[in-house]
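Accompanying notes for the structure given below.
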Amino acid sequence: MSLTSAYQHKLAEKLTILNDRGQGVLIRMYNIKKTCSDPKSKPPFLLEKSMESSLKYINKKFPNIDVRNSTQHLGPVHREKSEIIRFLTNYYQSFVDVMEFRDHVYELLNTIDACQCHFDINLNFDFTRSYLDLIVTYTSVILLLSRIEDRRILIGMYNCAHEMLHGHGDPSFARLGQMVLEYDHPLKKLTEEFGPHTKAVSEALLSLHFLFVRRNQGAEQWRSAQLLSLISSPPAMINPANSDTMACEYLSVEVMERWIIIGFLLCNGCLNSNSQCQKLWKLCLQGSLYITLIREDVLQVHKVTEDLLSSWKGYGKRVADIKESKEYVIANSGQFHCQRRQFLRMAVKELESVLTDEPGLLGPKALYVFMALSFIRDEVTWLVRHTENVTKTKTPEDYADSSIAELLFLLEEIRALVRRHIKVIQQYHLQYLARFDALVLSDIIQNLSVCPEEESIIMSSFVSTLSSLNLKQVESGEKFEFSGLRLDWFRLQAYTSVAKAPLHLHENADLAKVMNLIVFHSRMLDSVENILVETSDLSTFCFHLRTFEKMFAMTLEEPSMLRYAIAFPLICAHFVHCTHEMCPEEYPHLKNHSLHHCNSFLEELAKQTSNCVLEICAEQRNLSEQLLPKHCATTISKAKNKKTMKQKQTPRKGEPERDKPGAESHRKNRSIVTNMDKLHLNLTELALTMNHVHSFSVFEHTIFPSEYLSSHLEARLNRAIVWLAGYNATTQEIARPSELLAGVKAYISFIQSLAQFVGADVSRVIRNALLQQTQPLDSCGEQTITTLYTNWYLESLLRQASSGTIILSPAMQAFISLPREGEQNFSAEEFSDISEMRALAELLGPYGMKFLSENLMWHVTSQIVELKKLVVENMDVLVQIRSNFSKADLMASLLPQLIGADNVLKRMTIIGVILTFRAMAQEGLREVFSSHCPFLMGPIECLKEFVTPDTDIKVTLSVFELASAAGVGCDIDPALVAAIANLKAGGLCQPLAAGPGD
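Per the numbering used here, residue 892 is the first one in the sequence shown, and the count goes up by one each step.
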């Protein structure tokens, strides 16, 4: 083949296009397989009983289905032909795409064979990688096609419906049906197809040998070589990290395993004839039990290879090699990878620390960064696919890693570091390209013995492009674009790899080395994000969600790993890389998956953090409670009776010695860990993870972790405040307002101290929670302390006050309980004195006190209604009494005629009790308001003084309502006015009982 025809074939462009199209076809085959394997998503007519006979007939006769003479079997298909066409068009076209893709792959592989192309991953990296990728993608497509159980039915039914509707079958059906039959045993057919390509494939795979051996070294070899260490040789710290094969250094081992396993599976003839191929193949068999075809679909390496080779003669030794390798993998690979993960945790942590401290090293040591990311990704993906697929094993610990979160966190940290200092990387590599690479390339071009015109033009353009670069482009924020340069180099690799080309790349290795270096440096200017995706994309978790969730659960159970837990929601952002332009229908599904798991992880982290915060708050409240005045009685009693104790009066036996507040801080041994220590340690770890990033993006959504924590803290604080009230509806017990206030203050003071640690807006959290407690119901629809205390004071204290078991003491300014057995289980003075009213006002605030007043006034209006009924009932007698008030003899006969006269006094007593309690509550509110807002109280009182009897009643009521909300007494009570005005609107509570006659 001439060089000109080699140019015309455009091998580089075709490889690029076919690889991209192949990925789209592969995803569509995956989606069809997944859809057909799930009864919920399966095409509905495949599950209909009326269709059973038709489906069996199509499957049996495929592809030779006589539609015209099979009306008996295909009647149901004929009835639903339009619906079948509509539903199966996308399925059918996807299968046609597979056939067309196969045709293009055949054509290209034959062209490459005809051109006798030379493949070497170390020289023509892009050309060799694209070639091997195409082979693996094509094989994966065919294997997935063969795994779709309903493929014959889907294709056959569509063609039957098409013929019934249009009078003829689909033009592609004959070839498509034949292709489906040929690939019933896909690997045998593929092996036959790839026989002519064995030389090219084996040559490409053998070029991987040195690289694959080096990348499969164990942790000890890595450690002895001080891999990824920047400080192992301080004098060389700023030297650029270069290699003759830059892209090979961060090439995924998983990708190489896929190339080698599938390559030798298709071209297995060389395993018996070439010892180097055999060694590489055996080494690869000792690495993994499973390799990925796409997403969670895997190839069981040893089983599939053994089944294929054992079906042919002359492969007995190879089958024995497979069995030996499988035993080796089962026995050793788990520990091998576990040790590598342990090494990477230490090495990458050191790398990240050095680069964080000295970001300028990101320029010369960028290669180390991408190597570290690639190594982590390889270890994580190996663990994921084996955890998912190895279900029965004697060593389950080999496939579980409780410290995996640290690796994921380090990967995210390195990625963030690169993005943060992108300009540092660009400045360094731009200078490298302009000052060094351009000169070296120019010298190499001049020293070429042969340089055809086409190649000379391309290489000259390289030199001119690089020479024109300057630092001002980085400083001005100019967007670089070197994709054209890299595509030209890809073309040049293809041109110079043809057997009859005048210029052979394998004879000019220096040119290849320099150009590979230039490609890397150019990518550092315009494609850093693409390399990050290439080396550290963990979107595989999107299809291994069960494993992902297990890893997260294990992280939460390991206290030392809690600080790294934020890595899990961050990795959900990787799922966007699963999308493909040929499959836009997947986008909403992948987006929902990503957001759902991101939300669930952050919700769980926020829940754990808020739980920890509230547990510490509860401990702090217990400590604060020890300082309450009621607990000092014992201490006072002991001090008072000190002299008595000295008079040899022995203390009572069995009486526990009470620790004084603060005793918990005295420790004889610091190694003793208290519950508070554990809680603080957990909170520190959780705070680090919740406060690690301010925000991040998942698909087009921006996520703020602190908002999750704020939301959970607010809800938990609301529930905690209600819990502190200790309300028991059965026994009508509730905490004293002063005690609740002390507990709330303990909670709030601790939460406020967390402001700079947890990243949440704790001021907003506290403000919202306390404000919600001043309303009848909180944001979740639950009762608040405002409702609880309002109900309790009405139903317990005031009801008993109205019945006479509790009386008002004006001297003490409180209600006090009369000592009666079995009447009440609390002391009224402990809930109604001045300090308790102040505490109640501080807890409920103006809004809560207004709600309390409204309920109190409703009860007053209820009593007024009952009094009105009594007046109406006694109207005639009352009229006579009024007319004869001065006639004593007549009055004596009229008074006994009054009905319910005792009730009047009782109801007036109730009104008095309620109004007195409200006045006490308002006084407490006034004092609290004056203390908190003295600058507001003055203007309010001043405004009230300006109200005169001549002022408009609406203005008067508005001013009095404002004054009443601040606790200031008014001539006209606006709450009572409003309650009387709304008598017909109904109420919230039952009126207080007036006694048996009520």
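Note that CB positions come from ideal geometry on N, CA and C, so glycine has one too.
Check: Along the chain, where does the beta strand (DSSP E) that runs through A1132 open and close?; Outcome: Note, A1132: premise wrong, no beta strand (DSSP E); not H, not E.
Check: In the structure shown, what three-state DSSP assignment does N1560 receive?; Outcome: coil
Check: Where does S1718 fall in DSSP's three states?; Outcome: coil
Check: Under 8 angstroms: do the segment 1476–1491 and the segment 1456–1467 share three or more Cβ pairs, one atom per stretch?; Outcome: yes
Check: Would you decide whether L1034 is buried or exposed? Buried here means 16 or more other CB atoms lie within 10 Å of its CB.; Outcome: buried
Check: Distance, Cα to Cα, L1632 vs A1509?; Outcome: 14 angstroms
Check: State the DSSP-derived secondary structure class of E1083, mapped to helix, strand or coil.; Outcome: helix
Check: Under the rule that 16 or more other beta-carbon atoms within 10 Å means buried, what is D1269, buried or exposed?; Outcome: buried
Check: For N1133, decide whether its Cβ has a neighbour in chain B, counting only Cβ atoms nearer than 7 angstroms.; Outcome: Of the chains in the structure shown, none is chain B; there is only one protein chain.
Check: So, are the CB atoms of T1286 and G1375 less than 7 angstroms apart?; Outcome: no
Check: Just the Cα atoms here: how many angstroms apart are H1557 and Q1517?; Outcome: 16 angstroms
Check: Return the chain-ordered list of same chain residues with a C-beta closer than 8 angstroms to the C-beta of A1870, the five sequence neighbours on each side being excluded.; Outcome: E1745, M1748, W1749, V1751 and T1752
Check: Using DSSP with H/G/I as helix, E/B as strand and the rest coil, what is A1884?; Outcome: For A1884, the predicted model reports a pLDDT of 48, less than 50, meaning its position is unreliable and no value from the coordinates is stated.
Check: Are the CB atoms of F1371 and K1328 within a distance shorter than 7 angstroms?; Outcome: Looking at the sequence shown, residue 1328 is not Lys but Asp. Taking 7 angstroms as the Cβ cut-off, D1328 and F1371 do not qualify as a contacting pair.
Check: Classify A1719 as buried or exposed, calling it buried when 16 or more other Cβ atoms lie within 10 Å of its own Cβ.; Outcome: buried
Check: In its own chain, which residues sit with a C-beta less than 8 angstroms from the C-beta of Q1538, not counting the 5 before and 5 after it?; Outcome: Confidence at Q1538 is low in this model, with a pLDDT of 49, below 50, so the placement of that residue is unreliable and no value is reported for it.
Check: Report the residue ranges of all alpha helix (DSSP H) runs contained in full by the segment 1739–1784; include only those spanning at least 4 residues, in chain order.; Outcome: 1766–1774
Check: Taking DSSP as the reference, what is the three-state secondary structure of G1878?; Outcome: Note that G1878 has pLDDT 45, beneath the 50 cutoff, so the model's placement of it is unreliable and no number is given.
Check: Would you kindly report the start and end of the unbroken alpha helix (DSSP H) that includes V1613?; Outcome: P1596 to A1616
Check: Identify which residue in L1324, F978, V1819 and P1737 has its Cα closest to the Cα of Q1663.; Outcome: P1737
Check: Please report the distance separating the alpha-carbon of R970 from that of G913.; Outcome: 36 angstroms
Check: With T1089 and C1161 assumed to form a contact (beta carbons below 8 angstroms), what rounded beta-carbon distance in angstroms separates them?; Outcome: 6 angstroms
Check: Under 6 angstroms from any heavy atom of the ligand GTP, does the C-beta of E1346 make it?; Outcome: No copy of the ligand GTP occurs in the structure displayed, which carries no ligand at all.
Check: With DSSP collapsed to three states, give me the class of L1184.; Outcome: strand
Check: Are the CB atoms of I1507 and L1579 within a distance shorter than 7 angstroms?; Outcome: no
Check: Could you check where the alpha helix (DSSP H) with S985 kicks off and where it finishes?; Outcome: K972 to C1006
Check: Check the C-beta distance from V1756 over to L1874 and give it rounded, since I have them as a contact under 8 angstroms.; Outcome: 7 angstroms
Check: Pick helix, strand or coil for E1624, following the three-state DSSP scheme.; Outcome: strand
Check: Tell me which residue opens and which closes the alpha helix (DSSP H) that L1360 is part of.; Outcome: It is not in any alpha helix (DSSP H) - L1360 carries neither H nor E in the DSSP assignment.
Check: Less than 7 angstroms between the beta carbons of V989 and V1071, yes or no?; Outcome: no
Check: For the beta strand (DSSP E) containing F1103, list its first residue and its last residue.; Outcome: Where F1103 is concerned, there is no enclosing beta strand (DSSP E), although the alpha helix (DSSP H) it sits in stretches over H1100 to R1106.
Check: By DSSP's criteria, A1705 is part of a beta bridge. Which residues make up the other side?; Outcome: S1700
Check: Check for me: the beta strand (DSSP E) holding V1271 runs from which residue to which?; Outcome: Segment A1257 to N1280 is the alpha helix (DSSP H) holding V1271; no beta strand (DSSP E) there.
Check: For the beta strand (DSSP E) holding S1202, just list the boundary residues, first then last.; Outcome: Where S1202 is concerned, there is no enclosing beta strand (DSSP E), given that its DSSP letter is neither H nor E.
Check: Taking three-plus beta-carbon pairs below 8 angstroms as touching, is the segment 1287–1302 in contact with the segment 1196–1214?; Outcome: no
Check: Let me check understanding here. Comparing Cα to Cα, which of E1686, N1013, I1046 and F1018 lies closest to F986?; Outcome: I1046
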